Structures are given as C-alpha cells and as structure tokens.
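Residue numbers (the working numbering): 164 to 484.
See below for the structure under consideration.
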Amino acid sequence: MEINWESKVLSSVLKVIPRLSFLEIDEEKINEVAQQLAHEDFLTSYQGDTDIEPREYMRKTLFVNTLNFVFTDFSTSVKYQYKQLSDTDAMVYQIDKAIQKGVPLLQGHYMRDVNIVEFRKLFTGNIEMPMLEEKVEILNEVGETLVSKYDGDWINFIEDGPKKLYANGEGLVERLITDFKRFDDFSIYENEKIYFLKLAQLAFWGIHRELSSTYFYIEDMENMTAFADYIIPVALQAFGITKYTPELEKNINEGVLIERDSKEEIEIRAATIYATAKMTESINELKNRKEKVIIPQLDFKLWTEFHADNTPHHLTKTIMY
C-alpha cells in the first residue's frame with residue numbers, strides 16, 4: 164500500500180516542513196532508523212481479538228478517543244497512572260471496569276448528562292486526571308450531538324456512510340470532524356491551515372486494526388498518517404531524527420508550556436507526521452515481503468515503546484491530544 168502524500172493531513176503538513184525554524188529533521192537518520200526497524204515485527208498479520216463484540220468495540224473506541232488527551236499534570240509533569248498503567252492505558256482500564264459494573268458510559272444520553280462529580284469517581288489515579296473539567300464538558304457536547312443526530316449511538320454515525328476515511332465529504336473522518344468539532348484538529352501556520360486530526364484518525368485506526376479481518380475494513384488506509392501527540396516526538400528525538408533549537412529543548416526539559424497553535428507546537432507535530440511517513444516508505448523499500456507496513460503500524464510500535472518513558476516531552480494545554 165503506497166502512502167498518499169496528497170491526503171488531507173500529509174499534504175497540509177508538507178507546507179510546514181520547508182519552513183521549520185524551531186527544529187531540524189535529519190533525512191539520513193530516517194533511513195538509518197528504517198534500516199534498524201525494517202526486520203522487526205509491526206504486527207502486520209494481526210487478525211484482531213476474536214473475543215471482541217465488534218459494535219461494542221467501535222462504541223468504546225470512539226468514546227475513548229473523545230477523552231484521549233492530556234494525561235500529564237502541567238504544574239508537576241507527573242503522568243496520570245492507575246496501578247501499573249500510564250495515561251491512555253490507565254483510562255481504558257478504568258473505562259472497562261466501569262462498563263463491567265454496569266455504568267452506561269457508551270450511551271449518548273449518559274455522555275450528555277454525566278457531571279464532574281460522577282466522572283471524578285470513575286477515574287481515580289495517582290493524581291487527578293488532568294483537564295478533568297474540559298473532559299466532562301467535551302463528553303457532554305459529544306453526547307448531545309449523538310443524541311440529537313444519531314439516537315445516542317455511535318453505530319448509527321458509523322453506518323451513515325462508506326467504510327472510507329475520505330469520500331467527498333461522506334468519509335468517516337470527514338463526517339466526524341464536521342459533526343463533532345472536538346475532533347476538528349487543525350492549526351494556522353503562516354496563514355496556512357494545517358490539519359493534524361490526531362484523535363479522529365486514531366479512533367478509526369483502532370477500529371480497523373481490531374476489526375478489519377472480520378467486521379469492518381476501512382478501504383483507504385493509505386490516507387492515514389501518524390497521530391501527532393507528545394510521545395512520537397520523544398521517539399524521533401531519541402533516534403536523532405529531530406533536533407530542537409537549544410531554547411526549545413530547554414523549555415521542554417524544564418516543563419515550560421508550549422502554547423497551543425504556536426509555531427513551536429505546530430512544527431513539532433508536523434515533523435512527527437512527515438518523519439513517520441518518510442520512515443514508513445523507507446521501511447517498505449527495505450522489506451522484502453508482501454505485507455507492507457502502514458504509517459499507523461509504525462506509530463503504534465513507537466508509541467508502545469516510548470509512552471511509559473520518563474523522558475520530558477513538550478507540554479501543551481490542548482483538547483486535541
């Protein structure tokens with residue numbers, strides 16, 4: 164599967180790459196790291212968990228990604244943890260536990276009506292979940308739209324169009340960012356609109372990864388990019404692929420907030436998407452096998468290896484990642 168450099172997200176971040184001023188990308192390092200990774204397992208033959216009930220899994224995946232942002236405390240740089248799990252993994256574990264206890268988390272009416280007191284009881288960890296008020300507000304807004312437009316059920320949303328990310332406005336990502344503004348993840352960079360769509364893409368990657376062989380195959384995965392967040396930039400920096408200016412690196416190491424929509428933040432996210440796309444291409448050129456790697460498989464591998472790492476990452480107060 165060839166990467167589509169004309170896709171909505173990739174084509175927009177390409178406008179940023181030639182103008183980078185707060186970091187550099189080492190193209191040779193991309194190829195070196197690709198050589199190191201080329202023969203590793205990217206789970207390309209993964210068939211999904213056969214015990215999953217597909218429709219319930221789709222509901223849960225969209226619920227998770229509604230709330231899947233900011234798990235590090237801005238004042239202390241401490242990550243949200245529960246038992247031995249960190250950030251998203253901790254939240255998903257607690258979501259599963261709540262569902263097992265009969266809490267109707269995945270129903271639109273519950274999302275619309277839940278209050279912060281009830282929400283706080285569901286998510287208890289080593290620290291209060293960061294941006295808790297914003298998470299509840301977003302959940303209420305998403306629930307309201309689900310109830311008013313889709314009878315309170317994510318399945319009605321999913322089945323309202325083709326199994327494609329993009330389809331002349333009718334694709335899964337296109338409709339998600341139109342109907343649910345919390346997923347419309349973009350920034351303005353030197354008067355250009357730059358799309359990232361982290362959570363919208365991540366939701367449908369989760370669905371495709373688990374269900375593509377049995378229930379729900381998304382037909383245009385070549386249009387999906389990496390999920391520009393806090394973790395993949397740490398991996399790219401560790402590999403020597405990206406190098407920040409001394410001031411930016413100092414601010415990150417000291418936990419200084421990087422403003423949402425600042426040039427620094429946009430460049431970090433754009434570099435993430437560009438470098439992972441280039442690395443995926445290089446890996447596929449080196450791999451002598453039929454099963455080609457797609458970008459989200461590389462992202463998943465890097466995220467899995469680095470998300471529990473304590474290396475400082477940039478901190479941005481945002482609901483988008």
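Note that CB positions come from ideal geometry on N, CA and C, so glycine has one too.
For clarity, every value in this text was computed on a predicted model and none was experimentally measured.
What residue from the options has the CA that sits closest to residue i's CA?
i	options	result
T479	F232, Y220 and N194	F232
T341	I351, Y329 and Y352	Y329
K361	E337, E373 and E353	E337
S350	E430, K413 and S238	E430
L173	A197, A389, F469 and Y393	A389
N331	S170, F282 and L365	S170
I215	D259, T251 and D323	D259
A201	P475, L449 and I482	L449
D252	S425, W466, P267 and N354	W466
T239	D323, T207, L365 and P475	P475
Y484	T443, Y245, E304 and R345	R345
D316	L269, G324, E281 and N303	L269
N204	I446, L302 and G324	Residue identity check: residue 204 is Asp in the sequence provided, not Asn. Out of I446, L302 and G324, I446 has the C-alpha closest to the C-alpha of D204.
E353	Y313, R182 and T481	R182
F343	N303, K326 and E373	N303
L206	E296, W168, L461 and I482	L461
T287	D314, M254, D347 and W168	M254
E442	G418, E410, L399 and F282	Checking the sequence shown, residue 442 turns out to be Met, not Glu. Closest option to M442, Cα to Cα, is L399.
S375	L339, P217, V176 and I180	P217
D392	E373, A363 and G271	A363
E428	E417, Y407 and K242	Y407
F402	Y243, Q198 and I180	Q198
F463	K413, I395, S425 and I482	I395
I357	V305, V176 and L339	V176
W168	L230, I193, E444 and I321	E444
F469	A434, R423, V397 and V419	V397
Run the CB neighbour count on residue i, radius 10 Å, all protein chains shown included, and call it buried at 16 or more, exposed below.
i	result
H477	buried
N473	exposed
P459	buried
S249	buried
K246	exposed
E165	exposed
N386	buried
T405	buried
G265	exposed
E373	buried
I279	exposed
R432	buried
D348	buried
T213	exposed
Q263	exposed
Checking the sheet assignment: what are the DSSP bridge partners for residue i?
i	result
S350	I357
Y407	L186
S425	Its beta-bridge partners do not exist; DSSP assigns none.
T443	Per DSSP, none; premise fails for T443.
D420	It should be pointed out that residue 420 corresponds to Leu in this sequence rather than to Asp. In DSSP, L420 forms a bridge with L478.
T486	Shown here, the chain extends from 164 to 484; a query on residue 486 therefore has no answer.
Q244	S249
Quick check: is the beta carbon of residue i nearer than 7 Å to any beta carbon in chain D?
i	result
Y329	This model lacks chain D altogether, as it is built from one protein chain only.
Flag this pair as touching only if the segment 442 to 455 and the segment 376 to 383 have three or more C-beta atom pairs under 8 Å; answer yes or no.
These segments do not touch.
Quick test of the definition: if touching needs 3 or more C-beta pairs under 8 Å, does the segment 187 to 195 touch the segment 433 to 443?
Two segments are said to touch when three or more pairs of C-beta atoms, one from each, lie closer than 8 Å; by this definition the segment 187 to 195 touches the segment 433 to 443.
Write down every uninterrupted run of the alpha helix (DSSP H) in the segment 204 to 240 whose length is 4 residues or greater and which is fully enclosed by it, in chain order.
217 to 229, all fully within the segment 204 to 240.
Evaluate the contact criterion for the segment 266 to 277 versus the segment 308 to 315: three or more CB pairs, one atom per stretch, below 8 Å.
The segment 266 to 277 vs the segment 308 to 315: in contact.
Contact between the segment 363 to 373 and the segment 222 to 237 (3+ Cβ pairs under 8 Å):
Touching, per the Cβ criterion.
Check whether the segment 278 to 298 and the segment 232 to 244 touch, using three or more Cβ-Cβ pairs below 8 Å as the test.
The segment 278 to 298 makes contact with the segment 232 to 244: 3 or more CB pairs, one atom from each, lie closer than 8 Å.
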